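Structure record follows, encoded as structure tokens.
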Amino acid sequence: MLPIPAEELNGSGTLGPYWTFYHAVVAEQLSRWLPADPSVVLDLSGGRGRWSSQAARAGHRVIEVLDFRRTAEGGRLRDAGLVRHVRADDLSFLPDESVDAVVAEERAMSIELMAESAMSDVARVLKPGGRALVCVDSLVLGMAILAEQGQWQHLRQTGEVMLVPWPDGSITRCFSSTQLRELLTGAGLEVEWVRPRTVLSPSTVDHVLGSDTRTLSYLVRTELDARPDEDDTVGIHLVASARKS
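Here the sequence shown stands for residues 1251 to 1495, numbered as in our numbering.
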């Protein structure tokens, strides 16, 4: 069963309370995850989120790569306060071991079908001790979309790379927790944790927030204090943290 209708997955539609909760979870998770000291943060979320500005407000210098691996056009860094923007199809503009942290939100490694190559780029530019935060589409989501499309013959191929066509013609790569772990370790990173982005269902969130919007902070704390590590049975997205030794 599709945990969220396909037309809702872009954050529009009738699930406003759930997406308010979802983005609050992401923001709080990033806040907890970011380095304690001022650092250089590389954002590979493609300019699709608010994570660069959040990191900058926390005192970090941020390099935000727009259209990461989406265009053959290179670009020059442009100052914008504490956030600099660049258009590039790889990270060759950065020297080895030049950033302290990498944020790949907004399903960046699912949209990037050559995710292994992209993660090798990430590992190269991370300093020793640097960390990466990566969000991908889950197998739960991929199987639900395939079922909705009537592609039953593909639902048994969960041990292989799952590429799922979306109604808009794009392709997403969906991961199990094991595959996400392998993506990170294959790039030479040490996995700290892997978990679903959210385990609370949209119906639960809608019910609780519908009765009292002040419960949002309580729901977010409940979500992030849960320990559903490596659980592939819930959640449309998986998120992982990894470190370079």
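Glycine included, every Cβ here is placed at the ideal spot set by N, Cα and C. From a predicted model like this one, the values you see are computed outputs, not experimental measurements.
Collapsed DSSP secondary structure at residue i in the structure displayed
i, result
"TRP1443", "strand"
"MET1369", "helix"
"SER1451", "coil"
"HIS1487", "strand"
"GLU1362", "coil"
"SER1467", "helix"
"VAL1414", "strand"
"LEU1391", "helix"
Cut-off 6 angstroms between Cβ atoms - residues of its own chain near residue i, not counting five sequence neighbours on either side
i, result
"ARG1374", "ASP1346"
"ALA1354", "LEU1294, VAL1384"
"GLY1266", "none"
"SER1370", "ALA1437"
Proximity winner among the options, relative to residue i (alpha-carbon distances)
i, options, result
"ARG1282", "ALA1358, VAL1470, ASP1387", "VAL1470"
"THR1428", "VAL1441, VAL1352, LEU1341", "VAL1441"
"MET1513", "CYS1424, GLY1309, SER1342, VAL1414", "In the structure as shown, the chain starts at 1251 and stops at 1495, and residue 1513 therefore has no counterpart that could be examined."
"LEU1332", "LEU1341, ALA1338, TRP1301, ASP1340", "TRP1301"
"GLY1392", "VAL1489, LYS1377, ASP1340, SER1426", "SER1426"
"VAL1336", "GLU1398, GLU1314, VAL1349", "GLU1314"
"THR1448", "THR1472, SER1461, LEU1433", "THR1472"
"VAL1411", "GLY1309, MET1364, LEU1439, VAL1372", "MET1364"
Close beta carbons around residue i, own chain, < 8 angstroms, minus the five adjacent residues each side
i, result
"THR1270", "LEU1459, LEU1466"
"ALA1476", "VAL1449"
7 angstroms Cβ cutoff met for residue i and residue j
i, j, result
"ARG1381", "ARG1307", "no"
"SER1388", "LEU1488", "yes"
"SER1491", "TRP1416", "no"
Residue i - containing beta strand (DSSP E), residue span
i, result
"ASP1350", "1349-1354"
Span of the alpha helix (DSSP H), counted from its first residue to its last, around residue i
i, result
"THR1422", "Careful: THR1422 lies outside any alpha helix (DSSP H), inside the beta strand (DSSP E) at 1421-1425."
"ARG1282", "1266-1283"
"SER1303", "1301-1307"
Cβ shell of residue i (< 7 angstroms), same chain only, five flanking positions each side left out
i, result
"LEU1344", "VAL1375"
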